[in-house]
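Written below as structure tokens is the structure these notes are about.
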Amino acid sequence: MKKKTRFKLSNSLLVPFCSAILVCLIGVFLNSYLFYNSFFRALTKLNEEPIATITFKYKTAQRKFLDRVVWDRLRQNSPVYNGDTIHTSALSEATVWFTDGNVVDLSENTMAQVFLSEDKLLRAELSDGFAVVDSSESQSGIILASGGVEVEVGAGSALSAQGGASYGEGGIAVQVIKGNASVKTEDGSSVSVAAGEELSVSDAGTSRPSFTVTEPAPNSRILYHTAGAYPVRFNWKSDAAEENASFMLRIYSDNKFTNLVYETEAEAGSPVNVDLENGKYFWKIIGDGIDASGKFQLIQSLPPSFVAPVKNYSYSYRTRNPAVRLIWTESAYATAYRLEISDSPLFAHVLVDQRSSTTSSIISTLGEGEYWWRVTPFYTINRIGFTEPSEPEKFVVEKKGSLEKPVQLVPVEAGIVNTEPGANDIYFSWKMEDEAVKYNIRIADNPDLARPAVSEFVSENYFTMGSGEKKLKDGRWYWSVSQIDAEGNESELSAVRSFFALKGKPEQHTIEPSEGFRISASLMPDLRFTWKCNLPENFETTLQIATDVSFRAIIVSKKEGGTNDSGFTFAPGTYYWRLVSSNGTDGAELVTAVKSFSVLENLAAAELSEPAMYKVVARETTPVKFEWQSVAEADYYKFAICKKDDGSVIYEDTVYGTSAEVNMYSKKFADKCKYTWQVQAQASAVPGVCSRRAGKIAEKEFFLYKLRPIEIVSPEIGSSIKGDDAVLNPSVAQWRSVDEVKEAQFVLYKTDTSPAIELMRIPSAKEFEAGNKIAPSAITLDVPDGLRPGNYEIIVYAKTLDDIEISNTDKKYRGKFKILPIEPLPSPQFLEATPDVFDTDYLRVLENPREIVLSWNAVKDANEYHVSIQNDEGRILLYNKTITEGTSYKIDFEEISDENRSAFSNGKFNWNVVAVLRIDRDNDGIPDKILKESPASSGTFSTNIPSPHKPKAKEAANPYGN
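When we follow numbering that gives the first Met the number 0, the leftmost residue of the sequence shown carries the number 0, and every step to the right adds one.
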């Protein structure tokens, strides 16, 4: 069996081992540093001044010195020397900032070499790719060369150029963005190019494109500061195309022109605005003899928004100015920010004006006052500089006074702590203060806190003392605490609070009534005062009740041997109570915290409002509504209705609003009887907060009258009457009333139409005004033409002798009946209008009568016809014209009135005729009642009679000459 061996490192090898580890770590860090500098080195020349610096976006650029073959990987703001070659790879862009103010932007896959001649003239050789040269802030300009062609860019000018393999051997294409340029070819010829013009130089010679896009500029970067899309303006100039020549503008999001974003047809003389989002875009224009393309970049950079401090935030200090940290969001492509702080919202007086490359700053120079701050981004793109500042926001710096005294929590005044060994720790706590970094607690055996037994500094809002510590002997102690802020300022001591230190677990505290308890005066004798008291036998406890919080006016001082007491009666008001326990041995006195309670009066009586009249009318379908005014502090109401004579309760309910609806038409309420209704306000009890309370009873008397509406005896409600019986043998309507009526008016309605048509009213309005106010109880249902088939209702509008409305207007009581239809007559046939068109062609024939005849065939058994005419707008021009002789109706334009002649003069008209059988019911030889009708038959005719014009008189010629 092998024995396990544990190796232990000798103490003598520990120091060499640690030293070796340290040396290895130093070597690792040193090698890492050297590798970093080697990998990202931007070599400098000690004996030569740089002619420019380089910055780049996306990926890095590479640089090769004139006298070296190795390419260097550049870092931001690397120096560029005379003869250096700059190369950008795919997805890389670089900007060369020359010391004289010239700027050259190199697109991806571009190579250029820069030179500074002895006469301080800059020259850039574009070997391949695309470049933008900007000399707008230069005094001497720059020469751009490619393939043997030189382009002199004048001071204050800018152009874009494409040369090398990307354009064609021995050539260059330039477009002047602003200012002017001069192009010199290999043969020595010079061509001037102005702003907005484009020139191409190749092996084939020099040419100017007939179509040039002037906006957006080639490879331009458009910076905007608003949310959402930006309107990009496309503009062009054309030498050959006509102004109205059209072509297609297509915009893509990739350089392979596959992802189409926008497409439109444009005209040579009209620019186009295209709303586009942030990103790179490639455009192509194709038309008759036009083929152009390019790219541009939309750069969205929103103004900064503030992170801290929040708007209207308040800083505070006492002796040292606060460190105000300002933080804002980054604006895309911004290289720096200008921070301004002013004491006015218009920045008339700027207190702080600093430039920062980060998005935060700490200012410690601001004293008390109100300040406004804003941030303006700085952009190197397009040499914009500072632009689009943020919206100003306000913050406040306040100088505070002395620190507040801390507010103590436990132990409470005259509280008891257990100092018995092994008991729980003793806690002293107070409310946390926002400005405190530490607190000083003092505990002493005297109220002046002289020679404190405990004086400790703590960082939290509590202090813990172990029960076994021998710092507190039994007896009364006093404690207080102060707070100290970050500046070292200390507050005054809190109010000195006393407590008792006793061995064991003595306890004394009050329970009920709780602080602020409210009780009704009527329930005061039932209020039980309870407490918990567990003190040594040598303590004597007294219950004290006073009318003031300082207990100068004590009204109850009663020695207690138990834990509760009751039976006290007090007038409405506020009272205070406590327990006082005293030790007859050493005079120690324990006093509980004071609690208050209130004795409240009963709630007020409710003010009864509805029904306001002594007489209450109960309807079968409508409950009687009782209403009253709300009572302050009431939660609900007890509502009751009692008989007046014996006081018995007929109805009662608990109502949580201020109204109640009761069906007093029920059998338990007697008709024509006296009642009283009562309302008593009630307030609910909330445990530990208040007792229940009741109000005085409000009472009101009323006389109940049950409404019995008019009853329609016949025809029976819902019955049907044959149509011929309704004409030949009219029914008799009968009504009756339980009560004697003062007025009763019988009305018959035909309800097939809306609104209903009144057919009968007995007595009539004139008879009613003349004093005949009561209709007969039996009335024959007859009208001049007889009752036609349809639905009818009978309503008797009536009042009793004491003006109570008893009309049967409710749907339940209306006398509804139906008259059944009679077999109709056949409809008139062969309707004809002669002429069917009454116009000028018809009137030119003098023999034609000036009339329109409407005719139809006779209907069997019909003895009259009703004719109606309406225009195409639905306006009725003739209604139920009765024809008793013949089967035609004539519109004679020579006899009708001017108004009718105008109405019939022009338009299309619809006419219909109804056959009618009228009978002689009273045997007087004259048909008076309609028994049957036919369905209406319709026809049309039209007229077109021109309106006559008033002739104009001409001046008469003088027959006698001049």
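The C-beta atom is built at its ideal place from N, Cα and C for all residues, glycine as well.
Backbone CA spacing between residue i and residue j [nearest angstrom]
i    : j    : result
I709 : Q733 : 11 Å
P825 : A914 : 8 Å
D974 : V273 : With the chain running from 0 to 961 in the structure shown, residue 974 is simply not present.
S580 : D547 : 20 Å
N234 : S269 : 8 Å
G789 : G906 : 35 Å
K399 : A545 : 41 Å
R207 : R232 : 23 Å
F767 : R735 : 19 Å
E149 : S252 : 33 Å
S481 : N445 : 17 Å
Y316 : R450 : 33 Å
L842 : A832 : 16 Å
A19  : N76  : 40 Å
L350 : A307 : 19 Å
F16  : C23  : 11 Å
L12  : A322 : 52 Å
I640 : L599 : 29 Å
G153 : R382 : 18 Å
A861 : D723 : 16 Å
Of the listed residues the options, nearest to residue i (C-alpha basis)
i    : options                : result
E700 : K928, W627, T621, M612 : M612
C936 : D923, N909, I929, R920 : Checking the sequence, you will find Ser at residue 936 rather than Cys. Nearest of D923, N909, I929, R920 to S936, Cα basis: N909.
K183 : V175, Q174, I176, T205 : T205
E539 : T529, A545, L158, K557 : K557
D840 : D801, E898, S941       : S941
N311 : W371, S359, T357       : W371
L853 : V844, A435, R373, I868 : I868
V103 : A144, A89, D118        : A144
V495 : I442, E397, S513       : I442
P420 : L471, S159, L408       : L471
T799 : K749, I778, E739       : E739
E742 : W676, I761, A755, F281 : I761
R324 : E48, I875, V309, V615  : V309
Residue j beta carbon less than 7 Å from that of residue i
i    : j    : result
L830 : W855 : yes
I141 : L125 : no
Q174 : E197 : yes
K504 : N582 : no
P524 : G465 : no
S201 : G170 : yes
Y796 : Q744 : yes
F114 : A51  : no
P302 : S389 : yes
Cβ separation of residue i and residue j, assumed to be a contact under 8 Å, to the nearest whole Å
i     : j    : result
L105  : T87  : 5 Å
F210  : S237 : 5 Å
L1031 : T591 : There is simply no residue 1031 to check, as the chain begins at 0 and stops at 961 in what is shown.
L706  : I803 : 7 Å
K430  : V406 : 4 Å
P610  : V630 : Going by Cβ atoms, the distance from P610 to V630 rounds to 20 Å, so no, they are not a contact pair.
N601  : S521 : 7 Å
S363  : N320 : 6 Å
R944  : L930 : According to the sequence as given, residue 944 is Ile; it is not Arg. 41 Å between Cβ atoms; not a contact.
Y314  : V396 : 5 Å
Enclosing alpha helix (DSSP H) for residue i [first to last residue]
i    : result
S901 : 897 to 902
L602 : Looking at the DSSP string, L602 is not in any alpha helix (DSSP H), and its letter there is neither H nor E.
D447 : Where D447 is concerned, there is no enclosing alpha helix (DSSP H), given that its DSSP letter is neither H nor E.
D840 : 839 to 842
Residue i: first and last residue of the uninterrupted beta strand (DSSP E) it sits in
i    : result
K772 : Run containing K772: none; DSSP gives neither H nor E here.
G100 : That residue, G100, is in no beta strand (DSSP E); it is neither H nor E in DSSP.
V726 : Taken as a continuous stretch (DSSP letters only), V726 belongs to no beta strand (DSSP E), being part of the alpha helix (DSSP H) at 722 to 727.
K578 : With the sequence shown as reference, residue 578 is identified as Leu, and Lys is not the correct amino acid for it. From DSSP, the beta strand (DSSP E) with L578 extends over 572 to 582.
W855 : Segment: none, W855 is in no beta strand (DSSP E) and carries neither H nor E.
Y655 : No beta strand (DSSP E) holds Y655; DSSP gives it neither H nor E.
S292 : 289 to 299
H86  : 84 to 87
I882 : 875 to 882
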